[in-house]
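Asker:
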C-alpha cells in the first residue's frame, strides 16, 4: 500500500469515525498514486474496525475503574474516599450539585434565623425557636453521596452547637441536628455497600461518644453543681439510696458530671442524654 495512503488513513480514523469527505479524499488520492480505490476502501474499513475493537476491549477492562487523584491508587465509581490515602472524592454529578445547592440554602436560612429579633415588649423571638423548624423540615437527599454530606453537616453542627439551656439556650438546636444526623444514618443503613456501612459505623461511634459528654458554658458551670448539691441534700434528708449519693459525690470530685447526672436520675429522673 502506498505510504501516503497509509498516512491519510491513520489520520482519518483517529477520531474513531471517517467522514464522507475524508473517504472521498483518500479514494481520489488512491487514483492519483495508482492504487485500486476498492482495495484502498477495504483497507480503510479494516483499519477502522481494528481501532474500534481495540477501544472496546480497553473500555471493558477499565469499566468503573479510575485512579485516585491524590495517590494514584485504583478506585471504583462507588467509592467515596480512597482506601489507600483516605482522600475524599467530590463527585460533581447533577444529583450532588442539587444537594450542595439545597444545603447552601439551608445554611443561608439558618444564618438569617440566627439574627436576634425583638418580638415585642413581653416577648422575644429567640433564634433557636426559628432555627429548629428549619432543620426539622429539611428533606434528606436520596443518593448515597448526598446522605453522607448531610450526615457530615448534621454531626459537625451537633457537636459545635452549645448545649445551653434557658430561654436563649441552643440545646433545642443541638437536639435538632442530632435528630437529623440519626435520620441520615438510618437512611444510609439501607444501602448494602461495604464502604457506606463503614461510614455508618464510624458516625454511630462518634455520636455515642459525644452523647456521653456534657458541654458547659459559664452559667451551666454554676447551675449544675448547685442542682447536684440540692439533689444530694434532698436525697439524704429523705433517706433514699445512699449508694447513689456516694456515687454522685465521687463523680463530682472527679468532675464526671455525666455520671453525677446519672446518679441524680435515681432521685428525680430529670437527666437529659443530649
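Residue numbers (this note's numbering): 27 to 300.
Beta carbons are placed, not taken as given, at the ideal position from N, Cα and C, and that holds for glycine.
Between which two residues does the alpha helix (DSSP H) harbouring residue 214 extend?
Answerer: From DSSP, the alpha helix (DSSP H) with residue 214 extends over 197 to 214.
Asker: From the DSSP output, read off the bridge partner residues of residue 92.
Answerer: Per DSSP, 101.
Asker: Should residue 46 be labelled buried (16 or more other beta-carbon atoms within 10 Å of its own) or exposed?
Answerer: Its Cβ having fewer than 16 others within 10 Å, residue 46 is exposed.
Asker: State yes or no: is the C-beta of residue 206 within less than 7 Å of the C-beta of residue 160?
Answerer: Not in contact: residue 206 and residue 160 (Cβ atoms no closer than 7 Å).
Asker: Please state whether the Cβ-Cβ distance between residue 225 and residue 172 is less than 7 Å.
Answerer: Not a contact, by the Cβ cut-off of 7 Å.
Asker: On the three-state DSSP scale, how would you describe residue 160?
Answerer: In the structure shown, residue 160 sits in a helix (DSSP, three-state: H, G or I).
Asker: Report the option in 62, 199, 68, 188 whose CA atom is closest to the CA atom of residue 136.
Answerer: Closest option to residue 136, Cα to Cα, is 199.
Asker: Comparing C-alpha positions only, which one of 140, 235, 39 sits nearest to residue 76?
Answerer: Considering only alpha carbons, the answer is 39.
Asker: Compute the Euclidean distance between the alpha carbons of residue 73 and residue 92, then round it to the nearest angstrom.
Answerer: The alpha-carbon atoms of residue 73 and residue 92 are separated by roughly 29 Å.
Asker: Whose C-alpha, out of 67, 203, 192, 185, is nearest the C-alpha of residue 176?
Answerer: Ranking 67, 203, 192, 185 by Cα distance to residue 176 puts 203 first.
Asker: If I'm right that residue 32 touches residue 70 with Cβ under 8 Å, what's the distance once you round it to whole angstroms?
Answerer: Between residue 70 and residue 32 the Cβ distance is about 10 Å, and since that is not below 8 Å, they are no contact.
Asker: Residue 189 to residue 153, Cα distance in whole Å?
Answerer: C-alpha separation (whole angstroms): 14 Å.
Asker: For residue 97, count the other beta carbons within 10 Å of its own beta carbon; 16 or more makes it buried, fewer makes it exposed. Which is it?
Answerer: Classification for residue 97: exposed.
Asker: Applying the criterion that 16 or more other CB atoms from any shown protein chain within 10 Å of the CB defines a buried residue, is residue 168 buried or exposed?
Answerer: Exposed, since its Cβ has fewer than 16 Cβ neighbours within 10 Å.
Asker: Rounded to whole angstroms, what's the CA-CA distance from residue 142 to residue 195? Just pull it up for me.
Answerer: Computed Cα separation, rounded: 13 Å.
Asker: Roughly how many angstroms lie between the CA atoms of residue 101 and residue 220, to the nearest whole one?
Answerer: Near 14 Å, if we compare the C-alpha coordinates of residue 220 and residue 101.
Asker: Identify which residue in 48, 60, 128, 111 has its Cα closest to the Cα of residue 163.
Answerer: Ranking the options by Cα distance to residue 163, first place goes to 128.
Asker: Take the Cβ of residue 187 as the centre, count every other Cβ of all protein chains shown within 10 Å, and call the residue buried at 16 or more, exposed below.
Answerer: Flag for residue 187 reads buried.
Asker: Expressed to the nearest angstrom, what Euclidean distance is found between the alpha-carbon atoms of residue 228 and residue 132?
Answerer: Approximately 25 Å, taken between the alpha carbons.
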